[in-house]
Every structure is written in C-alpha cells, then in structure tokens.
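Colleague: I have a structure here, written as structure tokens, and I will follow up with some questions on it.
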Amino acid sequence: MILPGATVKVTNPDDIYYCFEGLVQRVSDGKAAVLFEGGNWDKLVTFQLSELTLT
C-alpha cells in the first residue's frame, strides 16, 4: 500500500520520470504526489497509483 512518506519508483516506461525514485507527499483519488529531489532542484509530480511501485 502506498502511503505518504513511502519511497516509490516510477514504472511507466512512457513517462519522462521512468525509473526515478521519490517520496510520496500525499495520496487521493487514485493519484499520488511524488517529490523528487536532485541536488539543487526539487520537483513535485502527480502520478496514477498504477504507475508507481514501492521500493
């Protein structure tokens, strides 16, 4: 089960964030907001739960 605070990996090969890992910030309506942190940048992106897997 994907809950806020979980580390997830993007599994959709058609997505630009494919294989990126991030932290779930919130979950609602079958979607999750995932925070990616990379050095000097942070990005919050929304995904369908079916596009994510727990790591």
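Numbered by the working numbering, the letters in the sequence shown go through residues 144 to 198 in order. For every residue, glycine included, the Cβ atom is placed at its ideal position computed from N, Cα and C.
Please classify L197: does DSSP put it in a helix, a strand, or coil?
Modeller: As a first step, residue 197 is located in the sequence shown; it is residue number 54 there, counting from the start. Reduced to three states, the DSSP call for L197 is strand.
Colleague: At which residue ranges does the stretch 144-175 contain complete beta strand (DSSP E) runs of 3 or more residues, listed in the order of the chain?
Modeller: Runs found: 150-153, 164-171.
Colleague: How would you call G165, buried or exposed, if buried means at least 16 neighbouring beta carbons within 10 angstroms?
Modeller: In the sequence shown, the residue the question calls residue 165 occupies position 22. Per the 10 Å Cβ criterion, buried.
Colleague: For Y161, which residues of its own chain have a beta-carbon under 8 Å away from its beta-carbon, when the five flanking residues on both sides are left out?
Modeller: As a working note, residue 161 is residue 18 in the sequence shown. So the list reads V153, T154, N155, once near-sequence residues are dropped.
Colleague: What number of angstroms, rounded off, separates the C-alpha of L187 from the C-alpha of F179?
Modeller: Along the sequence shown, read from residue 1 onward, the residue named residue 187 stands at position 44. Along the sequence shown, read from residue 1 onward, the residue named residue 179 stands at position 36. Roughly 6 Å separates the two Cα atoms.
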